[in-house]
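Chemist: Residue numbering for the sequence shown is -1 to 386, as defined by this note's numbering.
Yeah, the Cβ is synthetic: ideal placement off N, Cα and C, and Gly gets one too.
Computed from a predicted model, the values in this text were never measured in an experiment.
Could you have a look at this structure, given as structure tokens, before my questions?
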Amino acid sequence: MMIISRIALLFAGSLLSVAVLAQQIKPADAGASEKTITLFRNLAALAPDYVMIGHQDALSYGVKWVGDKNRSDLHDVTGSHPAVFGWDIGGIDIGLDKNLDSVPFDQMRENMIRVFEMGGLNTISWHAYDPRTGKDSWVDTKIAVNTVSQILPGGARHADFLKNLDRTGIFLSSLKSKEGELIPLVFRPWHEHSGSWFWWGRLHCTREEYIELFRFTVHYLREKHELNNLLIAYSPDIGFANAAEYLERYPGDDIVDVIGLDDYHSLRQNKPENLIRNLEIIAGIARDKGKIAAFTETGCTNVEDKLYFTQKLLPVLEHSDLTRSISWVLFWRNGNKKHHFMPYKGHKSAADFRRFVAHPLILMQNNVPDLYRTYSDISNEISGNSPE
Ligand code: BMA
-1 MMIISRIALL FAGSLLSVAV LAQQIKPADA GASEKTITLF RNLAALAPDY
49 VMIGHQDALS YGVKWVGDKN RSDLHDVTGS HPAVFGWDIG GIDIGLDKNL
99 DSVPFDQMRE NMIRVFEMGG LNTISWHAYD PRTGKDSWVD TKIAVNTVSQ
149 ILPGGARHAD FLKNLDRTGI FLSSLKSKEG ELIPLVFRPW HEHSGSWFWW
199 GRLHCTREEY IELFRFTVHY LREKHELNNL LIAYSPDIGF ANAAEYLERY
249 PGDDIVDVIG LDDYHSLRQN KPENLIRNLE IIAGIARDKG KIAAFTETGC
299 TNVEDKLYFT QKLLPVLEHS DLTRSISWVL FWRNGNKKHH FMPYKGHKSA
349 ADFRRFVAHP LILMQNNVPD LYRTYSDISN EISGNSPE
């Protein structure tokens, strides 16, 4: 009896501390809007017990369809949209009407506002064009390019960078609710910088230049474009073995909210232990810094393993308190039959994905309450997570 009540007390104590902690946690931006603060706190409160599922371009297209209203491949498969919606604004910076994967920016804006109205989470990546060459983000991984040093303040191409950043800022500041308020979102610039495939990657700039690029970008958007709705994600690729290595080019606690990871490799190579280690590193950093950890990009091309979700990914996510505290997993886009990362209707991994989302750790859009409202305990608001 005595022992039981002690355990109950301890348990209640730890639940309480999670809830209290989540209510005190603050975004990096001291001027963040109320709704942005609320979103951040809700994400922090959900993180210890739930992992939300995200999908890139979910509402824009899927395998064999484009632009249908209120459709996503995951909705076709499970009856629910994902809880997290990834978008990419590569191309807005050079004034295109459609992003690099042909998603019209006007439609993207409309869908992002719908996601906000549904209470879901939007996260934006940016495959930025090179302001020096005018080409896309990708460069030769073996030949250093010196764009970053030239676009920083004082550099010969700084003005060109500002033009691109202004176009980006103008798009971001058009993401407003019906009430005219900027919708809170996660912005994830300069991703995968630990590799060298993008012009801002490891080979192409120094640590100091990268950090300055990141800090300058965020300050410019916050100040010049008055964006008070951004939670900022830092998301290296694999290649770190401990927290110090992960943090090598970290732009600072006053800039970053989301401790992210892009890892396509570990599960592809059948090395779940590497993914567990990477997720535990980012979750540990997030816990120590009062941030959120997220698995910001992943997927196995075409989901060839039809038990990938329940047999490969779920055991990793369930592995420890740290892995369970990952806020969301974002899978990459369903471009076509030869390039997709999520099941679509009739896909061989669809049944496995339905079993996966029925697990109590996993949340889709139909399980998650409105993330922009305040709750005394958001965990009480989770609805049964078996798909409709
Ligand atoms: C890559 C591929 C490309 C795409 C790019 C940006 O991983 O999906 O087809 O253009 O991401 O979204």
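#1: Have a look at the DSSP bridge pairing and note the partners of residue 232.
#2: Helix, strand or coil, according to DSSP, for residue 1 in the structure here?
#3: Could you check if residue 387 belongs to the surroundings of ligand 1, using beta carbon to heavy atom distance under 8 Å?
#4: So, is residue 189 buried or exposed, given that buried needs 16 or more other C-beta atoms within 10 angstroms?
#5: Is the beta carbon of residue 244 less than 9 Å from the beta carbon of residue 296?
#6: Just verifying my parser: in three-state terms, what is the DSSP assignment at residue 36?
#7: For residue 116, which of helix, strand or coil comes out of DSSP?
#8: Which residue from 325, 227, 349 puts its Cα closest to that of residue 31?
#9: Tell me the DSSP secondary structure of residue 139 in three-state form.
#10: By Cβ distance below 8 Å, which residues in the same chain neighbour residue 225 in space, the five residues on each side in sequence not counted?
#11: Would the segment 61 to 75 count as touching the segment 327 to 337 if we require 3 or more Cβ pairs under 8 Å?
#12: Work out the CA separation of residue 192 and residue 276 for me, nearest whole Å.
#13: For the segment 79 to 93 against the segment 151 to 158, are there 3 or more C-beta pairs whose distance is under 8 Å?
#14: Are the Cβ atoms of residue 312 and residue 265 separated by less than 9 Å?
#15: Measuring only from the beta carbon, is residue 125 closer than 8 Å to any heavy atom that is part of ligand 1?
#16: From what residue to what residue does the beta strand (DSSP E) around residue 294 run?
#17: Would you identify the three-state DSSP class for residue 339, choosing helix, strand or coil?
#18: Please report the straight-line C-alpha distance between residue 134 and residue 125, rounded to a whole angstrom.
#19: Assign residue 197 to one of two classes, buried (16 or more other C-beta atoms within 10 Å of its C-beta) or exposed (fewer than that).
#20: Roughly how many whole angstroms lie between the Cα atoms of residue 23 and residue 248?
#21: Determine the DSSP secondary structure at residue 101, reduced to helix, strand or coil.
#22: Decide if the segment 367 to 376 is in contact with the segment 110 to 121; the criterion is three or more beta carbon pairs, one per stretch, under 8 Å apart.
#23: Quick one: residues in its chain with C-beta nearer than 8 Å to the C-beta of residue 378, no 5 flanking neighbours on either side, listed in chain order?
#24: Would you kindly work out how many angstroms separate the C-alpha atoms of residue 74 and residue 344, rounded to a whole number?
#25: Under a Cβ-count criterion, where at least 16 other Cβ atoms within 10 Å of its own Cβ denotes burial, should residue 68 be classed as buried or exposed?
#26: Please go through the same chain and pick out, in chain order, the residues whose beta-carbon is closer than 7 Å to the beta-carbon of residue 246, but skip the five residues on each side of it.
#27: Compute the beta-carbon to beta-carbon distance between residue 389 and residue 362, rounded to the nearest angstrom, for a pair I have assumed lies under 8 Å.
#28: Determine, using beta carbons only, whether residue 236 and residue 272 come nearer to each other than 9 Å.
#29: One question on the structure: do residue 183 and residue 106 come within less than 9 Å of each other, judged by their Cβ atoms?
#30: Around the C-beta of residue 240, are 16 or more other C-beta atoms found within 10 angstroms, so that it is buried, or is it exposed?
#31: Residue 216 lies in the alpha helix (DSSP H); which residues open and close that run?
#32: Taking DSSP as the reference, what is the three-state secondary structure of residue 240?
Modeler: A quick look at the data gives this:
#1: Answer is 257.
#2: Only weak support exists for where residue 1 lies, its pLDDT of 41 falling under 50; the coordinates are left without a value.
#3: Since the displayed the chain opens at -1 and closes at 386, residue 387 lies outside it and no answer follows.
#4: When all chains shown are included, residue 189 counts as buried.
#5: Taking 9 Å as the cut-off, the beta carbon of residue 244 is found no closer than this to the beta carbon of residue 296.
#6: Residue 36 sits in a helix when the DSSP states are folded into three classes.
#7: In the structure shown, the three-state DSSP call for residue 116 is helix.
#8: Nearest C-alpha to residue 31: 227.
#9: It is coil, neither helix nor strand.
#10: Closer than 8 Å at the Cβ level, and outside the excluded window around residue 225, lie 167, 170, 171, 180, 219.
#11: Touching, yes, given that three or more Cβ pairs across the two stretches are closer than 8 Å.
#12: Each residue's alpha carbon lies about 14 Å from the other.
#13: With a cut-off of 8 Å, the segment 151 to 158 and the segment 79 to 93 do not count as touching, because too few Cβ pairs lie within range.
#14: No; because the gap between Cβ atoms is not below 9 Å, this pair is not in contact.
#15: Correct: residue 125 has its Cβ closer than 8 Å to ligand 1.
#16: 290 to 296 is the span of the beta strand (DSSP E), which, as asked, contains residue 294.
#17: Residue 339 falls in the coil class under three-state DSSP.
#18: Looking at the two C-alpha atoms, the distance is approximately 7 Å.
#19: Here residue 197 is buried, its C-beta having at least 16 other C-beta atoms within 10 Å.
#20: Rounded to whole angstroms, residue 23 to residue 248 spans 20 Å at the Cα level.
#21: It is coil, neither helix nor strand.
#22: Yes: at least three Cβ pairs fall under 8 Å.
#23: Taking residue 378 as the centre and dropping the five residues before and after it, the same chain places no C-beta closer than 8 Å to its C-beta.
#24: Roughly 9 Å separates the two Cα atoms.
#25: Under a 10 Å Cβ-count criterion, residue 68 is classified as exposed, with fewer than 16 other Cβ atoms of the shown protein chains found around its own Cβ.
#26: Around residue 246: 205.
#27: Outside the shown range of the chain, which is -1 to 386, sits residue 389, and nothing can be said about it.
#28: With a cutoff of 9 Å on beta-carbon distance, residue 236 and residue 272 are scored as near each other.
#29: Taking 9 Å as the Cβ cut-off, residue 183 and residue 106 do not qualify as a contacting pair.
#30: Per the 10 Å Cβ criterion, exposed.
#31: Counting along the chain, the alpha helix (DSSP H) containing residue 216 begins and ends at 205 to 221.
#32: Residue state, collapsed to three classes: coil.
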